[in-house]
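Under this note's numbering, think of the first position of the sequence shown as -1, with each following residue one higher. Data block below; observations after.
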Amino acid sequence: MSAAQSVPASALPVLRAENLSKRFGGLNAVQNVSFTHYAGEILAVIGPNGAGKTTLLNLLSGVYRPSTGRLWLQEQDITNAPMERRCHAGLGRAFQIVRPFPEMTVHENVTVGALFGQRGIRLPQAREQAYDLLERTGLAAHADRAAHELTLLQDKRLEVARALATQPRVLLLDEVMAGLRPAEAQEAVELVRGIRDSGISILFIEHIMPVVRDLADRVVVMDQGQVLAEGTYREVTANPQVVAAYLGTEAGLHA
Ligand SMILES: Nc1ncnc2c1ncn2[C@@H]1O[C@H](COP(=O)(O)OP(=O)(O)O)[C@@H](O)[C@H]1O
Ligand SMILES: [Mg+2]
């Protein structure tokens, strides 16, 4: 089943990038990237290895400052905002490399996410929210286990729960399906859909094309730091430039 649909005319931008660039020495890792992410949308960013996807996500979440360009979260200019301010403004992120506090319990890890992510929240409230999030992400049965005991899929669920604990309007996901078996990836797809259905807009990087096809309302294709194409899954995968960019790469477009 394809979730592809065009942007409704009434959709409001939640995240907008205008000519974002990031140089590392002589390398243009991200070059003049512009896109708009609309409220309620699941937007995929794809592209061959080294295309600049993770660097773009780092620019969005505030790990890096752009060399040029601007970034807005709703009406707020967050181009140079520190990570904490972006988080409080509604930008949540689950990382490609899963990194909970290993000795703390699953529930404590999510509680910490709530405490750090929300201004003025008190501990009992954070603990309560954490239990709700463990229910939502299918981890309730594992609440009191140490985080290091989790399986890879459970780790990814925990990472998503921790990001949700910051109460984001936009959730950024960097290859959260990586390493999952097909049945597990399907579960993760359902989790992401459920999050969107709860009113959170999602921007995700993914190289598993069936996942992109099933989840993305719209796809931005990057290659060599630039936006190569933008459209529905069907549109971008029929684009000869996109096909060419993937040729000869390990993943391949339809691998
Ligand atoms: N911190 C960094 N310092 C120098 N070069 C980097 C850094 N991060 C990424 N790069 C380079 O920028 C390019 C884009 O990398 P990346 O954003 O990780 O691509 P992707 O996530 O699409 O695989 C690559 O050539 C990579 O080697
Ligand atoms: Mg990457």
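Quick reminder that beta carbons are idealized off the backbone N, C-alpha and C, glycines included.
Sorting 65, 91, 31 and 78 by C-alpha distance to the C-alpha of residue 174 places 91 at the top. Comparing alpha-carbon positions, the option among 212, 244 and 168 lying closest to residue 187 turns out to be 212. For the 8 Å CB-CB criterion, residue 196 and residue 35 do not form a contact.
DSSP places residue 106 within a helical segment (H, G or I) once states are collapsed to three.
Under the three-state reduction of DSSP, residue 11 is assigned to strand. Taking a contact to require three or more Cβ pairs closer than 8 Å, the segment 65 to 76 and the segment 132 to 152 do not qualify as touching. Here residue 166 is buried: its Cβ has 16 or more other Cβ atoms, across all protein chains shown, within 10 Å.
The three-state reading of DSSP puts residue 201 in strand, counting E and B together. When C-beta atoms of the segment 78 to 87 are compared with those of the segment 124 to 135, fewer than three pairs fall below 8 Å, so the two segments do not count as touching.
Its Cα nearest to that of residue 158, the residue 137 stands out among 146, 137, 177 and 147. In this structure, 168 is the residue among 209, 184, 168 and 149 with its C-alpha nearest to the C-alpha of residue 194. With a threshold of 16 other beta carbon atoms within 10 Å, residue 146 falls short and is exposed. At least one heavy atom of ligand 1 sits closer than 7 Å to the Cβ of residue 49.
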